[in-house]
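Let me begin by presenting the structure, written as structure tokens, before commenting on it.
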Amino acid sequence: MKIYTLGTSNRSLEEFLEILKEYKITVIIDVRHWPTSRLFPHFKKENLQKFLQENGIEYYHLEKLGGYREGGYENYMKTRDFEEGLNELIRISQFHNCEKVKNIAIICAEKFPWKCHRAFISQELEKRNFKVIHIIEKGRIWEPKKEPREIKPTCQKKIK
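FYI, in our numbering the residues of the sequence shown are 39 to 198.
Structure, rendered in structure tokens:
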């Protein structure tokens with residue numbers, strides 16, 4: 039299964055939507071610990087959720103995958119909360135890819151995935167046979183080099 043990542047950064051809503059449309063993203067999974075922004079209020083959870091809904095894009099917030107963890111994110115990845123958050127992300131992905139394949143993007147505030155906890159989440163998804171594509175900006179992606187492997191889609195009929 040394929041999944042994208044994207045940073046909200048300092049983008050306008052119009053630019054953000056253009057990127058989502060370019061990659062045919064129809065589901066957003068927000069992994070910001072605090073889904074708000076003083077500098078960019080359009081990325082505050084409630085505002086973003088409303089905007090996405092108006093544009094036919096589903097929104098989920100998974101606080102259990104949020105960054106800024108005491109002791110560092112790598113240590114946090116060993117916890118039950120992280121595992122539950124990751125499993126929820128996988129369930130959402132499977133649910134949205136049962137009947138018709140939908141493109142899903144994990145979002146956070148940082149533009150560059152190598153500076154963000156999305157990189158850690160991505161590594162865990164890759165271990166579970168996800169193909170992760172990091173969107174940097176319109177027309178520019180980054181795919182870390184991997185060993186080729188067979189990717190088998192799975193299907194889950196409902197989100198718990």
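Even glycine gets a Cβ: it sits at the ideal position worked out from N, Cα and C.
All values derive from a computational prediction rather than experimental measurement.
Is residue 123 closer than 8 Å to residue 155 when the C-beta atoms are compared?
Walking along the sequence shown from the start, residue 155 turns up at place 117. Walking along the sequence shown from the start, residue 123 turns up at place 85. No, Cβ-Cβ distance for residue 155 and residue 123 is not below 8 Å.
Rounded to whole angstroms, what is the Cα-Cα separation between residue 174 and residue 152?
Mapped onto the sequence shown, residue 174 falls at position 136. Mapped onto the sequence shown, residue 152 falls at position 114. Looking at the two C-alpha atoms, the distance is approximately 11 Å.
Out of 65, 58, 92 and 145, state which residue places its alpha-carbon closest to the alpha-carbon of residue 177.
Taking the first residue of the sequence shown as 1, we reach residue 177 at position 139. Per the Cα distances, 58.
For residue 142 versus residue 65, is the C-beta spacing smaller than 8 Å?
Along the sequence shown, one-based indexing puts residue 142 at 104. Along the sequence shown, one-based indexing puts residue 65 at 27. In contact: residue 142 and residue 65 (Cβ atoms closer than 8 Å).
Mind pulling the alpha helix (DSSP H) runs of 4 or more residues that sit fully within the region 75-163?
83-92, 111-114 and 118-133
Out of 103, 108 and 67, state which residue places its alpha-carbon closest to the alpha-carbon of residue 144.
In the sequence shown, the residue the question calls residue 144 occupies position 106. The shortest C-alpha separation from residue 144 is found at 67.
Can you list, in chain order, the residues of its chain with a C-beta nearer than 8 Å to that of residue 50? Leave out the 5 residues immediately preceding and following it.
Numbered from 1 along the sequence shown, position 12 holds the residue referred to as residue 50. 80.
Rounded to the nearest angstrom, how far is the Cβ of residue 159 from that of residue 42, given a contact under 8 Å?
Here residue 159 refers to the residue found at position 121 of the sequence shown. Here residue 42 refers to the residue found at position 4 of the sequence shown. Residue 159 to residue 42, Cβ: 12 Å. No contact.
I'd like to know whether the C-beta atoms of residue 133 and residue 39 end up nearer to each other than 8 Å.
Counted from its first residue, the sequence shown places residue 133 at position 95. Counted from its first residue, the sequence shown places residue 39 at position 1. Result no, Cβ atoms of residue 133 and residue 39 do not sit closer than 8 Å.
Who are the Cβ neighbours of residue 163 in its own chain at under 7 Å, not counting the five residues just before and after it?
By 1-based counting over the sequence shown, the position of residue 163 is 125. 41 and 170.
Please return the same chain residues whose Cβ sits closer than 8 Å to the Cβ of residue 115, not counting the five positions on each side in sequence.
Residue numbering aside, residue 115 sits at position 77 when the sequence shown is read from its first letter. Cβ within range, chain order: 158 and 162.
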